[in-house]
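See structure below.
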Amino acid sequence: MIRTLIFGAIAGYVGKKLYDEGKLTEFKDDLVSRYNQARDDISNRSAASGASSGSSGNLGGSDISPAVTSTPSRPATASSPAVS
374 MIRTLIFGAI
384 AGYVGKKLYD
394 EGKLTEFKDD
404 LVSRYNQARD
414 DISNRSAASG
424 ASSGSSGNLG
434 GSDISPAVTS
444 TPSRPATASS
454 PAVS
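Counting in the working numbering, the sequence shown runs without a single skipped number right up to 457 at its last residue.
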């Protein structure tokens, strides 16, 4: 626990120094440009697939939707209380 506190203090100190020197804005600008490029690529891809399949340009039916899997529920045993 002490190590975590010390590491957090060091990370905070270094982060503050980098922020004060303006070096974190370069990182932010890079992330923003990558995000905008990815968003444009996705919209171009969905527009191209929408034009070829005749669907609208929304992302509802595209292949970039997250996969949702259901987890099987475990049966309650005699040793564990039933959850209500």
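Glycine included, each C-beta is placed from N, C-alpha and C at the ideal position.
Note that the coordinates shown come from a computational prediction; the quantities given were computed from them, not determined experimentally.
Classify residue i as helix, strand or coil using the three-state DSSP reduction.
i, result
"residue 423", "helix"
"residue 396", "coil"
Is residue i buried or exposed, if buried means 16 or more other CB atoms sit within 10 Å of its CB?
i, result
"residue 406", "exposed"
"residue 419", "buried"
Round the Cβ separation of residue i and residue j to the nearest angstrom and send it over; I've been treating them as touching at under 8 Å.
i, j, result
"residue 397", "residue 391", "5 Å"
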